[in-house]
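Read the structure below first, then the notes.
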Amino acid sequence: MKNEIVTPGDANGEAAHGRRLLISYRDSEMEKSMTPSANTTTNAHSNIDMTTMPLTGQPLDTLMNRLEADLEESDSSRESDLAARLRAQPLRADSLDAIARLHTLWMRAGDPAAARAVLDEDGAGVHDAAPPEARPDIRMQLALYRLQVARHLGENDAVTEAIGQMHDVLRTSPTLDADRYVRARILDTLEFDHAEHALDAIELRHALHRAIADRATFRAWDEANRQCLRAWALRRLDRDDDARAAAEAAVAAMASAGADQDIDADDWLRIGRAMIEIAPLQLDTIRQAVESRIADWALPPRREAEVRLARLAARAAHAQGDLAGALARCEMARHSLESDGSDDFIEYELPWLLEAGRFDDAGRRAFFHVYQIESGMLDRVGQIIHARLAEPTDTSVWWPLCAMRAAGFQPTLERFVELGAEGPDALAARSPTHGEIFAAFGSLEGDALRYAIADAAREVALRRAPGHPWIARLAAVYDGETGRIDATTQAARLLAAAQEGEMYDKRTGFMLTDARIRALGVAAAMKLPPPPLRSGLWSYGYACSIEDRAEEAIDALPAAEQAPVRADLERLKIAVYEQGRACMERFFETGNGHPYDACAHLYSMLCNNLAILYRDEERYDEALVLHRSGIAASSFAEHYDGVRYVLACQGKDEEMLEAAEQLWHYAAEFGYSRHEPNWYVRDVVRALYRVDRCNELPIWLERLVGWQREHDQLDGRLPNEALIARLVFAAHMSESHPDQASALYDAARAQADASRDLDVLLRAADAAYELGRQPDVKYFYERVLAGNRHAAEPLDLKVDVIERRISEAGAPPASPGPATAAPGKRWWKFWQ
616 MKNEIVTPGD ANGEAAHGRR LLISYRDSEM EKSMTPSANT TTNAHSNIDM TTMPLTGQPL
676 DTLMNRLEAD LEESDSSRES DLAARLRAQP LRADSLDAIA RLHTLWMRAG DPAAARAVLD
736 EDGAGVHDAA PPEARPDIRM QLALYRLQVA RHLGENDAVT EAIGQMHDVL RTSPTLDADR
796 YVRARILDTL EFDHAEHALD AIELRHALHR AIADRATFRA WDEANRQCLR AWALRRLDRD
856 DDARAAAEAA VAAMASAGAD QDIDADDWLR IGRAMIEIAP LQLDTIRQAV ESRIADWALP
916 PRREAEVRLA RLAARAAHAQ GDLAGALARC EMARHSLESD GSDDFIEYEL PWLLEAGRFD
976 DAGRRAFFHV YQIESGMLDR VGQIIHARLA EPTDTSVWWP LCAMRAAGFQ PTLERFVELG
1036 AEGPDALAAR SPTHGEIFAA FGSLEGDALR YAIADAAREV ALRRAPGHPW IARLAAVYDG
1096 ETGRIDATTQ AARLLAAAQE GEMYDKRTGF MLTDARIRAL GVAAAMKLPP PPLRSGLWSY
1156 GYACSIEDRA EEAIDALPAA EQAPVRADLE RLKIAVYEQG RACMERFFET GNGHPYDACA
1216 HLYSMLCNNL AILYRDEERY DEALVLHRSG IAASSFAEHY DGVRYVLACQ GKDEEMLEAA
1276 EQLWHYAAEF GYSRHEPNWY VRDVVRALYR VDRCNELPIW LERLVGWQRE HDQLDGRLPN
1336 EALIARLVFA AHMSESHPDQ ASALYDAARA QADASRDLDV LLRAADAAYE LGRQPDVKYF
1396 YERVLAGNRH AAEPLDLKVD VIERRISEAG APPASPGPAT AAPGKRWWKF WQ
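Count along the sequence shown from 1, add 615, and you get the number used in my numbering.
Quick look at the structure:
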């Protein structure tokens, strides 16, 4: 496992490692107040009668449960009586878990000496009582607790001593389970927040890595990771030359990796992201290493890697003082690599634009970030917007437009406000512009507040740029939502603003179509050409959102009118997805395109949605191309399912069976929330039968029953689709595996008999026929025919075949034969 290198400049820093366990002593004042009590020694705690038998085992657990519950309930780590309750009688922890809890309680009671006594005395007892093979882990865990206590108390010598103890355990205990400690959060804390101990913590973690035999193929990576972390630690110590040397050593460790080392293009990019500002001259080495490794990749992921290289190039240029060069490289670097439009490099480009004095370009960049990402806007972006609003010399229209846009949705507005000041009152007081835009705080709330802020921001923007098309665009939406204009007027104003401002985004397109649905009706609106959408992301987003809106309007139509309108909607979606596909594939082919055309996973999702629409039109060859393109770009299970479905529709049994194998194994390894083998396994069973591979039927049956049981689909209460799948197996295994088929049928028969589902009854009848269960053949087929005559949605049956089978089942048998499976241990017992 290779963890992302988290550097001090990363957005979330140590928070990215929140999954790592660290005992918290909680009280922020504790470091100042915790000093050993006057009567506390290493052998006794003050006021404790040492003649009393110590509380240990379950009674101690009960006491600690009560103390912890009291602390949690009061949400205080300084309960006045905690120390007294702990000192009321002798206590002895007899396990590592008890040591962890008891020393933590002493720390929270303000008595670190007592906490250390638990670690030293009780720890020694637990260690000596443990079997030899368990002792190294006990010593390491105790040293880890000592490290946490020392770090919390700010005792530098004790921190160094505890780290040394952990090194000693590593050196003397080859059987230590080092993997348990390598991700200890205390090491992150020391690396990022304690410059004086960072280098020691880095070396300890590296030693832990080296003690893990399974990391043999990661030795080069671990060394590169170590040097990167050292580089940042040295930089925080103002040892810039040493930091640069460490960063260069990280690159050298990667470049000199042997053939047995697991180093790929992503690893080179990780190293680059971590140290490019410290050693910008290493860019060419990194670029060459990445390019050589991605040469045979499919185009979409290859372009993504090239975007990442452009980001490294931009950061390297800026680190060397080349601001113009850094901004020039942003043409490629700003391409979004997330399907929602985020991961767009704005955290670097926006400050650089301001540094270059390009305030209007910076405002425009910030606006489109907020416009696309909404409440997910980066902290730094929101903070910069507020800083520019407060700057009287910056009169760009884009800054108030950011506020106007943020008012469109309550979560976005809340996020925008919290990034501007600690509270609404403080925000309004931040500057005269803030005072004007946010004047309604305190007097209005909810939608009324949002629209008041939007109106105020509109006025500020109009003074700066009268007639700006984006003011008109946003105002048309707000004026429509507040009832100031009708749908027809709103559609006209949106169209005019879009044409003047060359707006080809999904939100403008959606609002225009929504206004047309309200003004013209959904039938007329679906006949209009789709809006021009100049990126894959905007095409994808528009198609998804307009489907929900149009379906809502179609459902309100009379039933007889719905089908043709729904067909127009499907044609509209196809046209829109095809626009987006063309945009993205043009970028992948040329490297030139819209910033929202670069995300390989977005392209894969777009391919999947378009392929589904093609499948509905029986355009199977085109759908197959799309599914396979999606797998090459960024695979997910729906594509494997789509390939299997298309090949089944085309009757290509051998290829479909291979696709089903791939789907099964992919879903097992990576998960698939919509995995429904109860449905597709029927195609698999029939195909195996047709190509004379019935020997594989038990394999698939084992998979199916295992999957059903994992999903709480159990014998006797199977959902209909699961019961049908088993009956299909029984029918098709009757010749090749008769005992197994009979056992399977017997297990399903009672539930089938109790069912009123016509498909269940039909499959039961088919299985009975194949197994020669003549009474059941007649019984189930007659129920199917009788039920089908009165069904609201009758099955398309081959009535003549069914009637012939019923007639044959009623005739005397030509010769006697067994009606049930042979006695003895049935194959089906395998499942029980």
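Every residue, glycine too, gets a C-beta built ideally from N, C-alpha and C.
{"Asked": "Identified DSSP bridge partners for Leu670", "Found": "Leu706"}
{"Asked": "Contacting residues, own chain, Cβ-Cβ under 7 Å from Ala1486 (five flanking each side not counted)", "Found": "Here the chain has residues from 616 to 1447 only, and residue 1486 is not among them."}
{"Asked": "Outcome for Gly1156 when other beta-carbon atoms lying within 10 angstroms are tallied against a minimum of 16", "Found": "buried"}
{"Asked": "DSSP beta-bridge partners of Phe1056", "Found": "Leu1059"}
{"Asked": "Member of Asp958, Thr671 and Arg766 whose CA lies at the smallest distance from the CA of Ala777", "Found": "Arg766"}
{"Asked": "Among Ala1248, Asp994, Pro1026 and Ile1000, nearest to Arg980 - alpha-carbon criterion", "Found": "Ile1000"}
{"Asked": "Residues of its chain near Trp710, where Cβ-Cβ distance is below 8 Å and the 5 sequence neighbours each way are ignored", "Found": "Looking at the sequence itself, residue 710 is Ser, so the reference to Trp does not match. These residues qualify, in order along the chain: Val741."}
{"Asked": "Pro895, DSSP secondary structure in three states", "Found": "helix"}
{"Asked": "Runs of beta strand (DSSP E) lying entirely within the segment 1272–1321, each at least 3 residues, in chain order", "Found": "none"}
{"Asked": "Cut-off 7 Å between Cβ atoms - residues of its own chain near Arg1259, not counting five sequence neighbours on either side", "Found": "Met1271, Ala1274, Ala1275, Leu1278 and Tyr1295"}
{"Asked": "Meets three-Cβ-pair contact criterion under 8 Å: the segment 1213–1228 and the segment 919–934", "Found": "yes"}
{"Asked": "Nearest-angstrom Cβ-Cβ length linking Asn1335 and Asp1391, presumed shorter than 8 Å", "Found": "That pair is no contact at about 18 Å."}
{"Asked": "Nonlocal neighbours in the same chain, by C-beta distance under 7 Å from Met616, ignoring five residues either side", "Found": "none"}
{"Asked": "The segment 1109–1118 / the segment 1075–1091 touching (three or more Cβ pairs under 8 Å)", "Found": "yes"}
{"Asked": "Among Glu946, His782 and Glu892, nearest to Gly936 - alpha-carbon criterion", "Found": "Glu892"}
{"Asked": "Buried/exposed call for Met947, threshold 16 Cβ in 10 Å", "Found": "buried"}
{"Asked": "Of the listed residues Phe1056, Leu791, Glu811 and Trp1014, nearest to Phe974 (C-alpha basis)", "Found": "Trp1014"}
{"Asked": "First and last residue of the uninterrupted alpha helix (DSSP H) at Asn771", "Found": "Asn771 to Thr787"}
{"Asked": "DSSP state of Ser652 mapped onto helix, strand, coil", "Found": "For Ser652, the predicted structure reports a pLDDT of 35, less than 50, and the residue's modelled location is therefore unreliable. A value from the coordinates is still provided. Of the three classes helix, strand and coil, the one that applies to Ser652 here is coil, per DSSP."}
{"Asked": "Reference Phe1202, options Ser951, Asn1293, Arg1341 and Ala744, closest by Cα", "Found": "Ser951"}
{"Asked": "Entirely enclosed alpha helix (DSSP H) segments - the segment 1023–1107, minimum 4 residues", "Found": "1025–1033, 1039–1043, 1047–1052, 1061–1079 and 1084–1096"}
{"Asked": "Asn840, DSSP secondary structure in three states", "Found": "helix"}
{"Asked": "Phe974: first and last residue of the uninterrupted alpha helix (DSSP H) it sits in", "Found": "Phe974 to Ile988"}
{"Asked": "Same chain only: Cβ atoms within 6 Å of Gly1257, ignoring 5 sequence neighbours per side", "Found": "Ala1226 and His1242"}
{"Asked": "Option nearest Ala910 by Cα separation, candidates Asp879, Leu896, Glu1397 and Ser1250", "Found": "Asp879"}
{"Asked": "Same chain only: Cβ atoms within 6 Å of Tyr1255, ignoring 5 sequence neighbours per side", "Found": "Gln1277, Leu1278 and Tyr1281"}
{"Asked": "Separation of Val1320 from Glu1284, as counted between CA atoms", "Found": "18 Å"}
{"Asked": "Between the CA atoms of Pro705 and Met668 - distance to the nearest angstrom", "Found": "7 Å"}
{"Asked": "Arg731 classed as buried or exposed, judged by whether at least 16 other C-beta atoms fall within 10 angstroms", "Found": "buried"}
{"Asked": "The segment 1034–1043 touching the segment 1074–1081, judged by at least three CB pairs closer than 8 Å", "Found": "no"}
{"Asked": "For Ile620, the first and last residue of its enclosing alpha helix (DSSP H)", "Found": "Run containing Ile620: none; DSSP gives neither H nor E here."}
{"Asked": "For Ser788 and Glu1269, the rounded distance between their alpha carbons", "Found": "55 Å"}
{"Asked": "Terminal residues of the alpha helix (DSSP H) in which Cys1264 lies", "Found": "Ala1252 to Cys1264"}
{"Asked": "Straight-line gap, Ala826 to Glu806 (C-alpha atoms, nearest Å)", "Found": "20 Å"}
{"Asked": "Leu1228: first and last residue of the uninterrupted alpha helix (DSSP H) it sits in", "Found": "Ala1215 to Asp1231"}
{"Asked": "Straight-line Cα distance separating Gln780 from Glu770", "Found": "15 Å"}
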